[in-house]
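Asks: Shown below is the structure under consideration.
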Amino acid sequence: MLFVVLNVVILLFSIIIHEISHGYAALRFGDPTAKLAGRLTLNPIPHIDILGSIVMPVMLILVHSPFLFGWAKPVPINPYNFKNPKRGMMLTSLFGPLSNFGLAIVFSVFFRVSILLLGKNSIFTQGFEYGAAINVLLFCFNLIPIPPLDGSKVLMYFLPEKAADGFRKIERFGFIIIFALFFVGILGGILYPLMGVILSVLLGRGF
Numbered sequence: 019m020l021f022v023v024l025n026v027v028i029l030l031f032s033i034i035i036h037e038i039s040h041g042y043a044a045l046r047f048g049d050p051t052a053k054l055a056g057r058l059t060l061n062p063i064p065h066i067d068i069l070g071s072i073v074m075p076v077m078l079i080l081v082h083s084p085f086l087f088g089w090a091k092p093v094p095i096n097p098y099n100f101k102n103p104k105r106g107m108m109l110t111s112l113f114g115p116l117s118n119f120g121l122a123i124v125f126s127v128f129f130r131v132s133i134l135l136l137g138k139n140s141i142f143t144q145g146f147e148y149g150a151a152i153n154v155l156l157f158c159f160n161l162i163p164i165p166p167l168d169g170s171k172v173l174m175y176f177l178p179e180k181a182a183d184g185f186r187k188i189e190r191f192g193f194i195i196i197f198a199l200f201f202v203g204i205l206g207g208i209l210y211p212l213m214g215v216i217l218s219v220l221l222g223r224g225f
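So the sequence shown is numbered by the working numbering: it starts at 19 and just counts up by one.
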């Protein structure tokens, strides 16, 4: 139970940092919307999404999933406040996944130290390993170029305007497409090997 609680705390912390990073990037590029909405805070309450932050993790725990996953409420962003809306939106979107990659590096350092001091069976060692893994997953998953994920906004920056507008229209079907691709094994076949490579470098061993 203590390990489950630790994993839930790490998951919530990681997805909150992801959203705060979007908000701070937006502020840096001229959009104070997230700050004015009170979303640039580590207080989890403003960030909690009932489905993604509570229902999904609890369901995964109940079915004894080997992995917890979830999401926070997206921070509000108004790209028209950016000096260059297209570039500002792309960079703001990129900061979320990059924050998770940074957290993965931090957790992997703690993991290496913990395994030396406490051993591989310590709950803290396992927690740090999970922290690195969930943040690599969040990094890779959010860079998938399917709306509304962050990777789609990065891709749209490089598309011609007409193509970007057409691509943006599939956002309402985005999660259906994502779940369908996971169901048939296409996304998992790409994500999990990529995660394995990144984690083997960060953790110094296979994952």
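Backbone N, C-alpha and C fix where the C-beta goes; we use that ideal spot for every residue, glycine too.
1) Identify, in the order they occur along the chain, each residue of the same chain with its Cβ nearer than 6 Å to the Cβ of G192, setting aside the five sequence neighbours on each side.
2) Are G149 and L161 closer than 7 Å when you measure CB to CB?
3) Quick check on M19: does DSSP put it in helix, strand or coil?
4) Does DSSP put S39 in a helix, in a strand, or in coil?
5) What are the start and end residues of the alpha helix (DSSP H) that includes F129?
6) Return the residue from the list P62, K187, L156, R57 that minimises the CA-CA distance to Y210.
7) On the premise that S39 lies in contact with N153, defined as a C-beta separation below 8 Å, what is that separation, rounded to the nearest angstrom?
8) Pull up the distance between the alpha-carbon of I194 and that of L134, whole angstroms please.
9) Could you check whether the stretch 117 to 124 touches the stretch 81 to 91, counting it as contact only if at least three pairs of C-beta atoms, one from each stretch, sit closer than 8 Å?
10) Looking at C-alpha atoms only, which residue of P115, F128, P50 is the closest neighbour of N96?
11) Quick check on DSSP: helix, strand or coil for S140?
12) So, is I208 buried or exposed, given that buried needs 16 or more other C-beta atoms within 10 angstroms?
13) So, at 6 Å on beta carbons, what are the nonlocal neighbours of S126 in its own chain, with the 5 sequence-adjacent residues on each side left out?
14) For the alpha helix (DSSP H) that F201 lies in, which residues bound it at each end?
15) Beta carbon of H36, beta carbon of G114: below 7 Å?
16) Secondary structure at K91, three-state DSSP: helix, strand or coil?
17) At which residues does the alpha helix (DSSP H) containing V219 begin and terminate?
18) For L69 and G88, what's the separation of their Cα atoms in angstroms?
19) My output table needs one value for L69: the three-state DSSP class, helix, strand or coil.
20) Assuming F47 and G137 make a contact with CB atoms under 8 Å, what is their CB distance in whole Å?
21) Quick one: what does DSSP say S83 is sitting in, helix, strand or coil?
Replies: Considering the structure as presented:
1) I164, P165, P166
2) no
3) coil
4) helix
5) For F129, the enclosing alpha helix (DSSP H) stretches over residues 103 to 135.
6) L156
7) Incorrect: roughly 12 Å between the Cβ atoms, too far for contact.
8) So the two alpha carbons sit approximately 44 Å from each other.
9) no
10) P50
11) coil
12) exposed
13) A150, L220, L221
14) 192 to 201
15) yes
16) coil
17) 204 to 221
18) CA-to-CA, the gap between L69 and G88 works out to about 8 Å.
19) helix
20) Here F47 is actually not in contact with G137; their C-beta atoms are around 45 Å apart, not less than 8 Å.
21) In this structure, DSSP gives S83 a state outside helix and strand, which the three-state scheme calls coil.
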